[in-house]
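Here it is, written out as structure tokens:
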């Protein structure tokens, strides 16, 4: 009887916990708005001329943030970037439209706990109860896909950041606009670099089995093969994988010299650490998301030599001269101004997630200015037509029916963790060659 | 042939990890075996053990393995505290009451842990080197963790079978009323048992932290494994739990040699259901 009771409970618990695990970690719910904005330090874009009639409207921007759960690290940086933009604009007096209306911004945000269920519930709440005028996506492709459905159903414009998966923009949506370079292109720059380092490299593709990473691999494999590389292993792993030992054994067994893949911060950093600990002789490691985060240096020597694609790097920030050379309109602060303001506000150097959050606000600001209105349809038309260059890079959207809102104006760089003269781990841009701050370390271990 | 070499490379890893799984499961099954309480705070206590190692390593600058001597008594005391505050009053109530009580403790620990540590992943950057044997690489941290797990199991076994309090625990587990009639202070023994269970959970967490990253939410996965091991192996039987842990560790190592890694949970939990149906007393016939 006792045994049966235990078994019954065990079965229920296992099923329950397994279902919870499938949906992501879910600690205590937080109903109250949680995001607080720090004091702004400097306004990059001054308010336009003083209004004649000072009618003021407050535009509410709604979003969820992963204050807890698997996406916490990157999500917090994204939200910090967005809040910095909002505070700067508001403290500079807001935006002034041609009719004298002053537009100021307010954020409404909740903790989505890194779960899709919470995202859908909260975006519905943001739209129907909080009356958000515009939406910013949560962090990660999976959560954004869940939020985009709600935004589209309710006719709200959503600017996505931290959401690279291509599929979301191929669902026929008309009000979802992507800031990041699409996932299918994430590792193509890395392959280009690899071709100059070792055209005969044998590649093992090992990736998280989530929406974003699968999209990245979907673009990576055909591109690598088209460049003449041999793919010797393809392996997907669950998001909560902690032990990469069996997978690393497979990599060794496959004869791979290069490992490309990963997924998000927790698994990517774990994978890098275990590759280092086992000293398996891999010559090049390219991992998604984790390496561009400053927290990655906590891995110590395990971080050395690991590369990752980055949407933006302070050391290779885009400039007004670059925009002028391309004949594209420049908008917003310089990369140096953004970095200084971010460091002053948060005491940390900005990563590309922070730059993405900031630029999401900047993009909305430019669209409202271009539309000279805060009406959703006018702003949407302005976003469709936008073609600008910011410190974050180019921003332009696909307007075809097949992939409306897909980012087509932005390109990525590749970073690598190297040691400076003082022996400290630093992130260097190693590709493209014309913006590289250091030559790549290759091979990272003796062949 | 390729699969065989992969198998040989992965098997030692699975065995080493299995020992640590076994210790985690022992904590859960000990509490159930003695007092019929399913401890749903087991996972967060494992996570607290992980943070114990982290704090000892980074704040006190101590070797993580020396830190075990601090984590273990703290785990014991925490367990006794949880028992006194949350479990004792519902020990004779229907199972749902103790289930809800320990679930509440679970939520409290996760809430406090999230406030203190956030849910960001933490790493204990501690390297004990590695040993290469042909195609197999054995990490020093896992070897020592397995050794510590064996020592913990042996110590528990000796405690239960060779000491007076241990015999009291077994007596209470067999028949609480009879034990009380013999003058055994059952409440204190139950508190001690709960403390021992949480101590084992904390030790397993402290060991896992030396080779895997963790967050305050990480314990959930190991709690899940502990339930599976509880069914596979021993109920209140430390050796059975250890064998169950080894079985799970080996499965996790061996399955990827033959198929995609994503099949691991499918097969693991498929086996779990099968054991429930075919051998409800567990693969190793653990005694009550």
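Protein chains in written order, with my numbering: chain A, 1 to 447; chain B, 448 to 735. Beta carbons: idealized from backbone N, C-alpha and C, even for Gly. Given the structure is predicted, the values throughout are model-derived calculations rather than measurements.
Point to revise | 8 Å contact criterion, which residue 299/A and residue 159/A should meet: CB distance rounded | key: Between residue 159/A and residue 299/A the Cβ distance is about 32 Å, and since that is not below 8 Å, they are no contact.
**Study point:** Assumed close pair residue 566/B, residue 492/B - CB separation to whole angstroms, cut-off 8 Å
**Key:** About 17 Å separates the beta carbons of residue 566/B and residue 492/B, which is beyond the 8 Å limit, so they are not a contact pair.
Exercise for review: Say whether chain B places a C-beta atom closer than 7 Å to the C-beta of residue 357/A.
Suggested key: So no, residue 357/A is outside the interface.
Review point. Which runs of the beta strand (DSSP E), 3 residues or longer, sit entirely within the segment 111-158 of chain A?
Key: Correct list: 134-136.
Point to revise | Contact residues within the segment 452-470 of chain B, judged by C-beta distance below 7 Å to chain A | key: Against chain A - using a Cβ distance shorter than 7 Å - the residues of the segment 452-470 of chain B are 452, 453, 456, 457, 460 and 464.
Review point. Does DSSP put residue 335/A in a helix, in a strand, or in coil?
Key: Helix at residue 335/A.
**Study point:** Local conformation of residue 46/A per DSSP, three classes
**Key:** Any reading at residue 46/A needs caution, since the residue's pLDDT is 45, under 50, leaving its predicted position unreliable; the model's value is listed next. DSSP places residue 46/A in coil when its eight states are reduced to three.
Point to revise | Residue range of the beta strand (DSSP E) that includes residue 672/B | key: Premise fails: residue 672/B lies in the alpha helix (DSSP H), 666-679, not in any beta strand (DSSP E).
Check your understanding: Between which two residues does the beta strand (DSSP E) containing residue 232/A stretch?
Key -> In the DSSP annotation of this structure, the continuous segment of the beta strand (DSSP E) that includes residue 232/A starts and ends at 230-237.
Check your understanding: How about residue 203/A and residue 229/A: are their beta carbons less than 7 Å apart?
Key -> With respect to the 7 Å criterion, residue 203/A and residue 229/A are classified as neighbours on the basis of their beta carbons.
**Study point:** Same chain, Cβ closer than 6 Å to residue 156/A, neighbours up to 5 away in sequence not counted
**Key:** If the five residues before and after residue 156/A are omitted, its C-beta is found closer than 6 Å to the C-beta atoms of 127 and 135, all from its own chain and listed in chain order.
Review point. Which residue from 411/A, 385/A, 293/A and 334/A puts its Cα closest to that of residue 425/A?
Key: Cα-wise, what sits closest to residue 425/A is 293/A.
Check your understanding: chain A beta carbons: is any one of them nearer than 7 Å to that of residue 553/B?
Key -> Taking Cβ atoms only, chain A never reaches closer than 7 Å to residue 553/B, which makes this a no.
Point to revise | Beta-carbon contacts of residue 58/A that lie in its chain and below 6 Å, excluding the five residues immediately before and after | key: Taken in chain order, the residues that qualify are 104 and 106.
Practice item. Could you give the DSSP three-state label for residue 569/B: helix, strand or coil? Key: The answer is strand: DSSP assigns residue 569/B an E or B state.
Practice item. May I have the straight-line CA-CA distance separating residue 773/B from residue 719/B, to the nearest angstrom? Key: Examination of residue 773/B is not possible in this model, given that chain B is present from 448 through 735 alone.
Review point. Using Cβ-Cβ distances below 8 Å, what residues of the segment 262-280 of chain A are close to chain B?
Key: Hits within the stretch, in order: 265, 266, 269, 270, 273, 277, 278, 279 and 280.
Point to revise | At least three beta-carbon pairs within less than 8 Å, the segment 71-85 of chain A to the segment 343-355 of chain A | key: Yes, the segment 71-85 of chain A touches the segment 343-355 of chain A.
Review point. Between the beta-carbon of residue 208/A and the beta-carbon of residue 267/A, is there less than 7 Å?
Key: Their beta carbons are under 7 Å apart, which means residue 208/A touches residue 267/A by this criterion.
**Study point:** Interface flag, residue 69/A vs chain B, CB-CB below 7 Å
**Key:** Contact of residue 69/A with chain B is assigned, a C-beta pair being separated by under 7 Å.
Point to revise | 8 Å contact criterion, which residue 180/A and residue 71/A should meet: CB distance rounded | key: Going by Cβ atoms, the distance from residue 180/A to residue 71/A rounds to 14 Å, so no, they are not a contact pair.
Review point. To the nearest whole angstrom, what separates the beta carbons of residue 216/A and residue 316/A, a pair I think is in contact under 8 Å?
Key: The C-beta separation of residue 216/A from residue 316/A comes to about 21 Å, leaving the pair out of contact by the 8 Å criterion.
Check your understanding: Roughly how many whole angstroms lie between the Cα atoms of residue 169/A and residue 401/A?
Key -> The straight-line gap from Cα to Cα measures roughly 10 Å.
Exercise for review: Identify which residue in 456/B, 548/B and 462/B has its Cα closest to the Cα of residue 697/B.
Suggested key: Checking every option, the nearest Cα to that of residue 697/B belongs to 462/B.
Practice item. Rank 392/A, 421/A, 218/A and 422/A by C-alpha distance to the C-alpha of residue 412/A and give the top, closest one. Key: Checked all of 392/A, 421/A, 218/A and 422/A; the closest Cα to residue 412/A is 392/A.
Review point. Comparing the C-beta of residue 450/A with each C-beta of chain B, is any distance below 7 Å?
Key: The requested residue 450/A does not occur in the structure, where chain A is confined to residues 1 to 447.
Exercise for review: Identify whether residue 464/B lies in helix, strand or coil by the three-state DSSP scheme.
Suggested key: Of the three classes helix, strand and coil, the one that applies to residue 464/B here is helix, per DSSP.
**Study point:** Residues that DSSP places opposite residue 208/A in a beta bridge
**Key:** For residue 208/A, which the question treats as bridged, DSSP gives the partners 237/A.
Practice item. Note the first and the last residue of the continuous beta strand (DSSP E) segment covering residue 395/A. Key: Segment 393-396, the beta strand (DSSP E) holding residue 395/A.
**Study point:** residue 501/B classed as buried or exposed, judged by whether at least 16 other C-beta atoms fall within 10 angstroms
**Key:** Residue 501/B is buried by the Cβ-count criterion.
Review point. What does residue 700/B touch in chain A if you count any residue whose Cβ is under 8 Å from its own?
Key: Contact annotation for residue 700/B against chain A: 245 and 246 [CB-CB distance below 8 Å, chain order].
Check your understanding: Roughly how many whole angstroms lie between the Cα atoms of residue 703/B and residue 246/A?
Key -> Linking residue 703/B to residue 246/A through their CA atoms gives a straight-line distance of about 6 Å.
Check your understanding: Which residue or residues does DSSP assign as beta-bridge partners of residue 418/A?
Key -> In DSSP, residue 418/A forms a bridge with 426/A.
Check your understanding: Is the Cβ of residue 166/A closer than 7 Å to any Cβ of chain B?
Key -> Not a single CB atom of chain B sits nearer than 7 Å to the CB of residue 166/A.
Point to revise | Counted within 10 angstroms of its Cβ, other Cβ atoms place residue 98/A as buried (16 or more) or exposed | key: Residue 98/A is exposed by the Cβ-count criterion.
Review point. With C-beta atoms as the reference, is residue 189/A less than 7 Å away from residue 417/A?
Key: It is not a contact, given that the beta carbons lie outside the stated cut-off.
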